[in-house]
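>
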Amino acid sequence: MPIEHEPVAEILFETIASALEKDGYVVLPNGTPARVSECLQRLEDQVSERFYAASVGRGPEQSHNQTLRRDKIAWIDEGDPLAEPWLIWAADLQRYLNRRLFLGLFSFESHLAVYEPGDFYRTHLDAFRGQSNRRLSLVTYLNPDWQPGQGGELVIYHPETGTTLQTVAPLLGMLVLFLSEEFPHEVLPAVRERKSVAGWFRVNGSTAAQADPPT
Ligand code: OGA
Ligand code: MN
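21 is the number of the first residue of the sequence shown in our numbering; add one for each residue after it.
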């Protein structure tokens, strides 16, 4: 018999699915399960020496673009035991969204990111239509407290009008998902150290010969 999701995961996944269906994005305080966040926090501590300056694009066109982004990242490894709850949870969500919305999500990749005071990530898209196989972006945060005035908010913009849809404080457990090709977004300059995790669900098949814009 197939293993079913815990009821609480089922409710969360359905909340995400219906918001994505309706709006294309969703912001959920405490959306990331506490046990998942805890492991990500421990992973972040453990890999702190592996962080390097994030670059823009992939392959030969990859470049450091300090005017676009200033964060440091460490890709999350499948083999890392502390990554397991996160990756299993993301895979469960992927399965649910595929069943419910027929998104055809095929794989997931993610990295930890640290923004030091002054660091930012200017307005960007995570994927350009037809040029990448990233479909759905997921972001969560590892900062147990975050006060107004400490900057570092994620701002999500309307795809057509460019008006602000939502400004998100990078608080522990906050969960954000949006369609990668649709929603411009930016990270405002952080006043204190800011820890986040960004992930992308990808579809299979496209060549992705043209680099993804960020990361
Ligand atoms: C990214 C990104 C948002 C955040 O890494 O592409 O947009 O809030 N991150 O950290
Ligand atoms: Mn992004």
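Just so you know, even glycine gets a beta-carbon here, dropped at the ideal spot from N, CA and C.
To which residues of the same chain is Gln186 closer than 6 Å at the C-beta, ignoring the five residues directly before and after it?
Within the same chain, Gln186 has close Cβ partners Val47, Ile176.
> Is Ala174 near the ligand OGA - that is, is its Cβ less than 6 Å away from at least one heavy atom of it?
Correcting the residue type first, residue 174 is Leu in the shown sequence and not Ala. Yes, since a heavy atom of the ligand OGA falls inside the 6 Å radius drawn around the Cβ of Leu174.
> Return helix, strand or coil for Phe221, following the three-state DSSP convention.
In the structure shown, Phe221 sits in a strand (DSSP, three-state: E or B).
> For Val67, which residues of its own chain have a beta-carbon under 6 Å away from its beta-carbon, when the five flanking residues on both sides are left out?
Here the set comprises Ala94.
> Who pairs with Gly171 in a beta bridge, going by DSSP?
Ala210.
> Mind checking which residues open and close the beta strand (DSSP E) that includes Gln151?
Careful: Gln151 lies outside any beta strand (DSSP E) and carries neither H nor E.
> Can you name, in chain order, every residue of its own chain whose Cβ lies under 7 Å from the Cβ of Val223, other than the five neighbours on each side?
Taken in chain order, the residues that qualify are Gly124, Leu125, Phe126, Asn153, Arg155.
> To the nearest angstrom, how far is it from the Cα of Gln170 to the Cα of Leu162?
The alpha-carbon atoms of Gln170 and Leu162 are separated by roughly 15 Å.
> Mapping the DSSP letters down to three states, classify Ala73 as helix, strand or coil.
It is a strand residue.
> Measure from the alpha carbon of Tyr45 to the alpha carbon of each residue in Leu63, Leu208, Pro179, Ser57, then state which is nearest.
Out of Leu63, Leu208, Pro179, Ser57, Pro179 has the C-alpha closest to the C-alpha of Tyr45.
> With distances taken Cα to Cα, identify the nearest neighbour of Ser75 among Leu107, Arg142, Ala110.
Per the Cα distances, Arg142.
> Which same chain residues, not among the five before or five after Arg149, have their C-beta less than 6 Å away from its C-beta?
For Arg149, where only same-chain residues beyond five positions count, the Cβ hits under 6 Å are Glu201.
> Given a cut-off of 7 Å, decide if Ser157 and Asp165 are closer than it, judged by their beta-carbon atoms.
No, the pair does not count as a contact, with Cβ atoms beyond the cut-off.
> Going by beta-carbon coordinates alone, are Val56 and Trp106 separated by less than 7 Å?
Contact flag set, yes.
> For Glu173, count neighbouring C-beta atoms within 10 Å of its own C-beta (all shown protein chains included) and say buried if the count is 16 or more, exposed if not.
Glu173 is buried by the Cβ-count criterion.
> Taking only three categories from DSSP, how would you classify Gln186?
Strand.
> Under the rule that 16 or more other beta-carbon atoms within 10 Å means buried, what is Asp43, buried or exposed?
Under this definition Asp43 is an exposed residue.
> Check the C-beta distance from Ala110 over to Phe122 and give it rounded, since I have them as a contact under 8 Å.
Not really, about 18 Å apart at Cβ, beyond 8 Å.
> With DSSP run on the structure shown, which of helix, strand or coil describes Ile36?
Helix, per DSSP.
> Mind checking Ala54: buried by the 16 CB within 10 Å criterion, or exposed?
The residue in question, Ala54, is exposed, as its Cβ has fewer than 16 Cβ neighbours within 10 Å.
> With a Cβ-Cβ cutoff of 7 Å, do Ser130 and Ile96 count as a contact?
In contact: Ser130 and Ile96 (Cβ atoms closer than 7 Å).
> Nearest to Arg70 by CA position, among Leu208, Leu132, Val207, is which residue?
Closest option to Arg70, Cα to Cα, is Leu132.
> Just to check, is the beta-carbon of Ser216 closer than 6 Å to a non-hydrogen atom of the ligand OGA?
For the ligand OGA, at least one heavy atom lies less than 6 Å from the Cβ of Ser216.
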